[in-house]
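A.B. asks: Could you have a look at this structure, given as C-alpha cells, before my questions?
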Amino acid sequence: MSDTVAVPKSLIKGIIDHLEELASILETLEELLDEDGLKRVREGMSDYKEGRYRVVKSAEELRRELF
Numbered sequence: 001m002s003d004t005v006a007v008p009k010s011l012i013k014g015i016i017d018h019l020e021e022l023a024s025i026l027e028t029l030e031e032l033l034d035e036d037g038l039k040r041v042r043e044g045m046s047d048y049k050e051g052r053y054r055v056v057k058s059a060e061e062l063r064r065e066l067f
C-alpha cells in the first residue's frame, strides 16, 4: 500500500486562494469589531468622501507621498 497521494497543483492553489480570502475576511471582521478599528474605518470613509486622499500610479510616487 502506498503512503503518498497525488494532488493536482490546481487544487492546492484553489485551497490556498480560499484560505487567503478567508484570512482577509477574518481580519476585516476583527477590525470592525474593535472600537478603535471601527473609528479608523469611519475616519477613512469620511476622508474619502471629502476628497482627502491622493492617487499615485507607481511605488515611487507612493514613497514620495509617504516619506
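Just so you know, we're using my numbering here: the sequence shown kicks off at 1 and counts up by one. In this text, a Cβ means the ideal position worked out from N, Cα and C, and glycines have one as well.
In whole angstroms, what is the alpha-carbon distance linking residue 62 and residue 12?
C.D. replies: The residue you call residue 62 lines up with position 62 of the sequence shown. The residue you call residue 12 lines up with position 12 of the sequence shown. If I take the Cα positions, the gap works out to 34 Å.
A.B. asks: For residue 41 and residue 8, what's the separation of their Cα atoms in angstroms?
C.D. replies: For the purposes of this step, residue 41 is taken as residue 41 along the sequence shown, with counting starting at 1. For the purposes of this step, residue 8 is taken as residue 8 along the sequence shown, with counting starting at 1. Roughly 40 Å separates the two Cα atoms.
A.B. asks: Return the first residue and the last residue of the alpha helix (DSSP H) that residue 54 is part of.
C.D. replies: Taking the sequence shown and counting its residues from 1, one reaches residue 54 at position 54. Run containing residue 54: none; DSSP gives neither H nor E here.
A.B. asks: In angstroms with no decimal places, state the Cα-to-Cα distance between residue 36 and residue 27.
C.D. replies: Within the sequence shown, the letter at position 36 stands for residue 36. Within the sequence shown, the letter at position 27 stands for residue 27. Distance between the alpha carbons of residue 36 and residue 27 is about 14 Å.
A.B. asks: What does the alpha-carbon distance come out to for the pair residue 45 and residue 10?
C.D. replies: Here residue 45 refers to the residue found at position 45 of the sequence shown. Here residue 10 refers to the residue found at position 10 of the sequence shown. Going from the Cα of residue 45 to the Cα of residue 10 covers about 37 Å.
A.B. asks: In three-state terms, what does DSSP make of residue 28?
C.D. replies: By 1-based counting over the sequence shown, the position of residue 28 is 28. Reduced to three states, the DSSP call for residue 28 is helix.
A.B. asks: Which one of 16, 58, 43 has the shortest CA to CA distance from residue 51?
C.D. replies: Here residue 51 is taken as the residue at index 51 of the sequence shown, counted from 1. Looking at the Cα atoms, 43 is the closest of the given residues.
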